[in-house]
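A short worksheet on the structure shown next.
Numbering (my numbering), first residue to last: 303 to 707.
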């Protein structure tokens with residue numbers, strides 16, 4: 303029996319020694335004066351750490367402003383809130399942060415271009431990411447009235463790498479929005495000034511610039527309403543869809559959604575660089591004498607269809623039917639046209655884009671979608687075919703004329 307106890311003790315002794323050492327280490331940690339890394343209440347994370355956020359902006363409207371992003375003081379109040387205090391009761395100040403509930407009130411962060419800030423607010427759109435490829439959202443309060451509105455619109459929505467320090471009273475907030483507003487606005491509006499539209503266009507306004515905007519949005523496929531120069535709900539909806547495609551906003555909760563501001567104006571310049579709008583419209587509207595002559599020959603007769611709007615899976619109608627016919631002519635669409643943009647049409651568009659070098663795989667942006675580049679290529683093919691038929695028609699008439707001579 304004694305030998306059994308001794309054998310068991312030989313096995314237990316190392317275990318007791320190990321536990322004793324662990325206890326010494328634990329006591330040392332508890333009595334040490336060296337500060338230990340803090341952890342969040344949601345998960346064990348050592349501070350500081352760097353994380354990518356999608357950051358938007360908001361402001362507090364005042365009565366009598368020159369402009370409101372929604373068109374009215376009441377509308378901007380609904381969009382931004384009264385903006386006198388954050389959700390934790392802190393009085394609002396430029397640089398105050400609204401963050402998802404997973405970030406405690408008082409959490410300090412460093413945002414490039416803004417400075418050291420703290421979380422004091424929440425928001426309906428300020429949520430944690432729940433989709434792969436998305437980032438947690440933050441919102442920066444930019445100020446009151448016209449100044450705050452100007453800063454918020456100038457900021458737009460950005461993806462930024464932020465240093466998160468956690469709740470740390472030793473870190474002092476130091477936001478510098480004034481420098482950001484003056485310097486960056488100068489670069490955006492003077493050094494890199496948009497050329498097509500030199501000033502913001504506002505909801506409820508009516509002028510020639512808005513009429514021109516409606517024309518551009520129509521040919522880009524975003525606007526279906528009348529070209530009347532009035533910035534109403536239809537124009538707002540079209541601008542919003544353009545902004546989403548350009549990555550300026552994600553949804554209607556984002557500040558500036560539907561407003562044609564500095565970021566949207568710059569994006570329109572880039573969109574027009576891809577699709578030379580004026581030249582495109584002139585070519586579409588031009589009808590040559592050769593086109594008129596080709597209509598008298600049954601083997602040449604054609605009523606060409608030019609594509610003026612973006613098309614994607616789920617769309618239906620005459621535009622899609624014409625697209626399917628054109629893809630069939632080119633050998634990419636092997637079934638009878640239906641007018642519905644389904645998987646077969648999407649794949650046919652993708653193969654057409656691959657041939658042109660527009661995309662390489664279905665994972666590429668715009669793959670299987672008729673956007674500005676694909677639309678321009680389709681229209682060029684239609685024009686080339688009509689030009690060829692017109693030339694043949696003219697040659698035939700010349701031959702008939704010479705035969706009569």
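Beta carbons: idealized from backbone N, C-alpha and C, even for Gly.
Remember, predicted model here, so these are calculated numbers, not experimental data.
query: Can you give me the Cβ contacts of residue 699 inside the same chain, cut-off strictly under 7 Å, excluding the 5 residues immediately before and after it?; result: 595
query: With C-beta atoms as the reference, is residue 593 less than 7 Å away from residue 677?; result: no
query: Go to residue 353, then tell me how far its alpha helix (DSSP H) extends in each direction, as first and last residue.; result: Per DSSP, residue 353 belongs to no alpha helix (DSSP H); it is in the beta strand (DSSP E), 351-362.
query: Just the C-alpha distance for residue 657 and residue 646, rounded to the nearest angstrom, thanks.; result: 17 Å
query: Which residue wins for smallest C-alpha separation from residue 635, given the options 620, 568, 619 and 653?; result: 653
query: In chain order, what residues of the same chain have a beta carbon less than 7 Å from the beta carbon of residue 523, not counting five sequence neighbours either side?; result: 610, 611 and 612
query: Give the single residue among 673, 621, 362 and 408 whose Cα lies nearest to the Cα of residue 544.; result: 673
query: By how many angstroms is the C-alpha of residue 641 removed from the C-alpha of residue 708?; result: Outside the displayed range of the chain (303 to 707) lies residue 708, so it cannot be described from this structure.
query: Alpha carbon to alpha carbon, how far is residue 370 from residue 464?; result: 30 Å
query: The alpha helix (DSSP H) with residue 518 in it runs from where to where?; result: 510-521
query: Where does residue 573 land, buried or exposed, given buried means 16+ other C-beta within 10 angstroms?; result: buried
query: If the criterion is Cβ atoms closer than 7 Å, does the pair residue 498 and residue 571 meet it?; result: yes
query: Using the rule of at least 16 other Cβ atoms within 10 Å of the residue's Cβ for burial, across every protein chain shown, is residue 476 buried or exposed?; result: exposed
query: So which of 626, 638 and 561 has the shortest CA-CA distance to residue 458?; result: 561
query: With distances taken from CA atoms, which of 454, 474, 375 and 382 is nearest residue 409?; result: 474
query: Mind listing, in chain order, the continuous beta strand (DSSP E) runs of no fewer than 3 residues lying wholly within the segment 392-478?; result: 409-413, 417-423, 438-446 and 460-469
query: Where are the alpha helix (DSSP H) runs, 4 residues long or more, that stay fully inside the segment 523-551, in chain order?; result: 535-548
query: Who are the near neighbours of residue 632 in its chain, counting only those whose CB is closer than 8 Å to its CB and skipping five residues on each side?; result: 654 and 683
query: Say whether the segment 400-419 touches the segment 509-521, bearing in mind that this needs 3 or more beta-carbon pairs closer than 8 Å, one atom from each stretch.; result: no
query: Which residues in the same chain as residue 637 place their Cβ atom closer than 7 Å to its Cβ, once the five residues preceding and following it in sequence are excluded?; result: 646
query: What residue from 681, 546 and 364 has the CA that sits closest to residue 451's CA?; result: 364
query: Taking the beta carbon of residue 701 as the centre, do at least 16 other beta carbons fall within 10 Å, making it buried, or is it exposed?; result: exposed
query: Can you tell me whether DSSP reads residue 702 as helix, strand or coil?; result: helix
query: Mapping the DSSP letters down to three states, classify residue 623 as helix, strand or coil.; result: helix
query: Could you check the C-alpha separation between residue 402 and residue 389 for me, to the nearest Å?; result: 12 Å
query: Spatial neighbours of residue 695 within its chain, please: C-beta separation below 7 Å, excluding the five flanking residues on both sides.; result: 592, 595, 596, 599 and 602
query: Cβ of residue 455 within 7 Å of Cβ of residue 558?; result: yes
query: Have a look at residue 670 and residue 507 and give me their C-alpha separation to the nearest angstrom.; result: 37 Å
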